[in-house]
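Peer 1:
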Amino acid sequence: MPKIKPWRSKRPQSKVYHDNSKCHVGNNIEKANMLLGKGNKQYRCNICEKLNNQGK
Ligand SMILES: [Zn+2]
0 MPKIKPWRSK
10 RPQSKVYHDN
20 SKCHVGNNIE
30 KANMLLGKGN
40 KQYRCNICEK
50 LNNQGK
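Numbering-wise, numbering that gives the first Met the number 0 puts 21 at position 22 of the sequence shown, and it's gapless, one number per residue.
(1) State the DSSP-derived secondary structure class of Ile3, mapped to helix, strand or coil.
(2) By how many angstroms is the C-alpha of Asn26 removed from the C-alpha of Asn32?
(3) What is the chain-ordered set of residues for which the beta carbon lies under 7 Å from any non-hydrogen atom of ligand 1?
(4) Kindly list the residues whose CB is nearer than 7 Å to the CB of Arg10, restricted to its own chain and excluding five residues on each side of it in sequence; keep chain order.
(5) Taking the alpha-carbon positions, what's the Asn19 to Leu50 distance?
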């Protein structure tokens, strides 16, 4: 399962966290803007959600 520990973008306009290593949005976050954990993001990213639901 590529479901991994959550990570998020530092950017304030980003409202979601990611927890699926196949998520292309999550993977597009530049290393410099990447933070581990959910932080204050309340929602999981839609794409991560979908991948998780599909068992990917
Ligand atoms: Zn995601």
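In this text, a Cβ means the ideal position worked out from N, Cα and C, and glycines have one as well.
Small disclaimer: the values here were computed from a predicted structure and weren't measured.
Peer 2: The relevant details are as follows:
(1) strand
(2) Each residue's alpha carbon lies about 11 Å from the other.
(3) Val15, His17, Asn19, Cys22, Val24, Gly25, Cys44, Ile46, Cys47
(4) Excluding positions up to five away in sequence, the list reads Asn32.
(5) 7 Å
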